[in-house]
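Numbering of the sequence shown is given in our numbering, commencing with residue 24 and proceeding in unit increments.
Even for Gly, the Cβ is constructed at its ideal location relative to N, Cα and C.
Computed from a predicted model, the values in this text were never measured in an experiment.
Right, one structure below, let's go through it.
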Amino acid sequence: MTFAQSPSNHLPINYDLECDEEFCPDDFESPFRLHITLPRTLKPAAAGKRLTFHSRERSTGTGVVTSNDKTTDLETIHDGPLDPHFFQKGFYLEAKTGFQVWPGSRLLLQALLCELDDAPSEGSAFTRLKYWQDRLLRSSTPLNILELGGGIGAVGGSLAAAGANVLMTDLNVLVNHGMGPNLIRLQSSSGDCAAFFPFLTSMLPAKQSEDNIVQEPIVIGCGCARPTVLDWFKPVSEQLSHDACNNVDLIVACDCIFLRKIVDPMFNAVAEIFRNAKRSEEVTCLFTYQRRNLMGVFITLEEVLDKIAKRGWSVQCLAWRKVVVEDDGEHDLYLFEISSKGQQEALRNDVESNCEEKKES
């Protein structure tokens, strides 16, 4: 599948979403602090709220903290001894990269939280972004978001603060040493998540609850969040409850698609969630993809799009921008939306075609 980006959906950095970062050498395990200040156009409980996320590594590329953002002197490389989580079960390369924030996180947060320069009309490039902004920020019903590869929780925590119910998932080591501790630090002093339990009651096996640092949903700003373990190499039905999958409105996955070996497992998880959502035709997945060098290790955009096409899904590029990555130069960063609607329409067409053939025979 070929792909050509359009100037009409180019989305430059919007500084209404503020980011800054600092280095805290006294904290060996999580020495970096990424601060995200939410746009002041949000609901009062979220407007201008400053969220702090502790991370093992500094953010990467100019797409997270740019030259226009506030920064302090940062260590380029954490020079301490062996990573403290190295020998823990589930600590793979993809787990290590989850301990830092990547440019796709800022792109998705801006796309969902920042007002667009021009209110898009029907059929314009940003129609879908406007739709999801309305669902998240202006609907009377909270948006239920399932996040894949949540890392340290920067995306899920920010979306929860803006008013969503976010079920944040990742490997065990990241849930317990990344997003879980960060959500506890972000917890609002008051609020009630009881109404959101059908979606945020997530874990099926009782033994899994013993591993997770957060046992109940946490109120953050205007919304609620909960972290839980989800391994893409295992069936989703063995890890998440029926209510969790059944009540999903939107799936988000930032900076998850880079290693070739994990793309099919992630898409398998997405497919299972699509099948089990009660409004399956309405549920879509927003994911970011960043072009890279070393394509022998990393999957190309064309390969990703081909895998989506072979599943019968529809795909649309909602936004893109250029980012600079240390030691790797300038690359394009994209925000895509995939939907199973194309697959469902194809199946209906096949059924209708078969019925017509039987009538003729």
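Using alpha carbons as the reference points, say which of 163, 122, 187 and 134 lies closest to residue 195. Translated into positions along the sequence shown, residue 195 becomes position 172. Looking only at 163, 122, 187 and 134, the smallest Cα-Cα distance to residue 195 is reached by 122.
Best match in 86, 164 and 175 for proximity to residue 131 [C-alpha to C-alpha]: Looking up residue 131 in the sequence shown gives position 108. Of the listed residues, the one whose Cα sits closest to residue 131 is 86.
Does the structure place the region 60 to 70 close enough to the region 178 to 188 that three or more beta carbon pairs sit under 8 Å? A contact exists between the region 178 to 188 and the region 60 to 70.
How many angstroms separate the CA atom of residue 41 from the CA atom of residue 296? Counted from its first residue, the sequence shown places residue 41 at position 18. Counted from its first residue, the sequence shown places residue 296 at position 273. Each residue's alpha carbon lies about 33 Å from the other.
Say whether the region 160 to 173 touches the region 339 to 351, bearing in mind that this needs 3 or more beta-carbon pairs closer than 8 Å, one atom from each stretch. No: the two stretches stay apart, fewer than three of their Cβ pairs being nearer than 8 Å.
Measuring alpha carbon to alpha carbon, tell me which residue in 36, 173, 83 and 126 is nearest residue 138. If you number the sequence shown from 1, residue 138 lands on position 115. The shortest C-alpha to C-alpha distance from residue 138 to any of 36, 173, 83 and 126 is the one to 36.
Going by DSSP, which residues form a beta bridge with residue 78? Position 55 of the sequence shown, counted from the start, is the residue given in the question as residue 78. In the DSSP output, where bridge partners are listed per residue, residue 78 has 55.
Cutoff 6 Å; reference residue 241; Cβ partners in own chain excluding five residues on either side: Here residue 241 is taken as the residue at index 218 of the sequence shown, counted from 1. Excluding sequence neighbours, residue 241 sits near 206, 210 and 248.
So residue 52 packs on residue 79, CB below 8 Å; how close in whole Å? As a working mapping, residue 52 is identified with position 29 in the sequence shown. As a working mapping, residue 79 is identified with position 56 in the sequence shown. Yes, residue 52 and residue 79 are in contact; Cβ-Cβ is about 7 Å, under 8 Å.
Assuming the contact rule is C-beta atoms closer than 8 Å, residue 156 and residue 135 should be a hit. Round their C-beta distance to whole Å, please. The residue you call residue 156 lines up with position 133 of the sequence shown. The residue you call residue 135 lines up with position 112 of the sequence shown. Separation of the CB atoms of residue 156 and residue 135 is rounded to 6 Å, and the pair is thereby assigned contact status at 8 Å.
For residue 309 versus residue 360, is the C-beta spacing smaller than 9 Å? As a first step, residue 309 must be located in the sequence shown, where it is residue number 286. As a first step, residue 360 must be located in the sequence shown, where it is residue number 337. Taking 9 Å as the Cβ cut-off, residue 309 and residue 360 qualify as a contacting pair.
In the DSSP assignment, the beta strand (DSSP E) including residue 361 goes from what residue to what residue? Counting from one through the sequence shown, the residue named residue 361 turns up at place 338. 352 to 362 is the span of the beta strand (DSSP E), which, as asked, contains residue 361.
For residue 238, is the classification buried or exposed, using 16 other Cβ atoms within 10 angstroms of its Cβ as the cut-off for buried? As a working mapping, residue 238 is identified with position 215 in the sequence shown. So residue 238 counts as exposed.
Using C-beta distances below 7 Å, list every residue in its chain close to residue 223, excluding the 5 sequence neighbours before and after it, in chain order. Working through the sequence shown from its first residue, we reach residue 223 at position 200. Cβ neighbours of residue 223 beyond the five flanking positions: 188, 190, 216, 240, 247 and 249.
How far does the beta strand (DSSP E) with residue 169 in it reach, from first residue to last? Counting from one through the sequence shown, the residue named residue 169 turns up at place 146. Per DSSP, the unbroken beta strand (DSSP E) holding residue 169 starts and ends at 167 to 171.
Applying the criterion that 16 or more other CB atoms from any shown protein chain within 10 Å of the CB defines a buried residue, is residue 393 buried or exposed? As shown, the chain starts at 24 and ends at 384. That puts residue 393 outside it, with no answer to give.
Helix, strand or coil for residue 326 per DSSP? Position 303 of the sequence shown, counted from the first residue, corresponds to residue 326. Assigned with DSSP and collapsed to three states, residue 326 falls in helix.
To the nearest angstrom, how far is the alpha carbon of residue 200 from that of residue 55? Taking the first residue of the sequence shown as position 1, residue 200 is located at position 177. Taking the first residue of the sequence shown as position 1, residue 55 is located at position 32. Answer to the nearest angstrom: the Cα atoms are 14 Å apart.
Would you list the residues sitting across from residue 33 in a DSSP beta bridge? Within the sequence shown, numbered from 1, the residue matching residue 33 stands at position 10. BP columns for residue 33 point to 343.
Buried versus exposed call for residue 50 [16 or more other C-beta atoms within 10 Å across all chains shown]: Taking the first residue of the sequence shown as position 1, residue 50 is located at position 27. It is exposed - the Cβ of residue 50 has fewer than 16 other Cβ atoms within 10 Å.
Determine the burial state of residue 257: buried for a count of at least 16 other Cβ atoms within 10 Å of its Cβ, exposed for fewer. The count along the sequence shown starts at 1 and reaches residue 257 at position 234. So residue 257 ends up on the exposed side.
In DSSP terms, what residue 313 is bridged to: The residue given as residue 313 occupies position 290 in the sequence shown. DSSP, once it has assigned bridges, lists 356 as partnering residue 313.
Taking residue 336 as the reference, which of 150, 221, 357 and 291 has the closest Cα? Within the sequence shown, numbered from 1, the residue matching residue 336 stands at position 313. Selected option, being the one with the closest Cα: 291.
May I have the straight-line CA-CA distance separating residue 331 from residue 293, to the nearest angstrom? As a position in the sequence shown, residue 331 is number 308, starting the count at 1. As a position in the sequence shown, residue 293 is number 270, starting the count at 1. The alpha-carbon atoms of residue 331 and residue 293 are separated by roughly 11 Å.
Proximity to residue 149 [Cα-Cα], best of 29, 203 and 174: Counting from 1 along the sequence shown, the entry for residue 149 is found at position 126. Of the candidates 29, 203 and 174, the one whose C-alpha sits nearest the C-alpha of residue 149 is 29.
Using 8 Å for Cβ pairs, my map puts residue 341 next to residue 65. What's the rounded Cβ distance? Residue mapping note: residue 341 aligns to position 318 of the sequence shown, counting from 1. Residue mapping note: residue 65 aligns to position 42 of the sequence shown, counting from 1. Not confirmed; about 20 Å, so no contact.
Leaving out the 5 sequence neighbours to the left and right, which residues in its chain are closer than 8 Å to residue 283 when beta-carbon positions are compared? Within the sequence shown, numbered from 1, the residue matching residue 283 stands at position 260. Taking residue 283 as the centre and dropping the five residues before and after it, the same chain places the C-beta of 320, 321, 322 and 326 closer than 8 Å to its C-beta, in chain order.
Assign residue 288 to one of three DSSP states: helix, strand, or coil. As a first step, residue 288 must be located in the sequence shown, where it is residue number 265. Helix, per DSSP.
Kindly list the residues whose CB is nearer than 7 Å to the CB of residue 245, restricted to its own chain and excluding five residues on each side of it in sequence; keep chain order. Sequence index remark: in the sequence shown, residue 245 carries index 222 (1-based). Contacts found: 66, 68, 69, 184, 185 and 186.
Go ahead and label residue 33 buried or exposed: buried means 16 or more other beta carbons lie within 10 angstroms of its beta carbon, across all protein chains shown. Indexing the sequence shown from 1 puts residue 33 at position 10. Looking at its Cβ environment, which holds fewer than 16 other Cβ atoms inside 10 Å, residue 33 is exposed.
Below 9 Å between beta carbons: does that hold for residue 127 and residue 311? Translated into positions along the sequence shown, residue 127 becomes position 104. Translated into positions along the sequence shown, residue 311 becomes position 288. Contact flag set, yes.
Which residue or residues does DSSP assign as beta-bridge partners of residue 135? One-based indexing of the sequence shown puts residue 135 at position 112. Under DSSP, no beta-bridge partner is assigned to residue 135.
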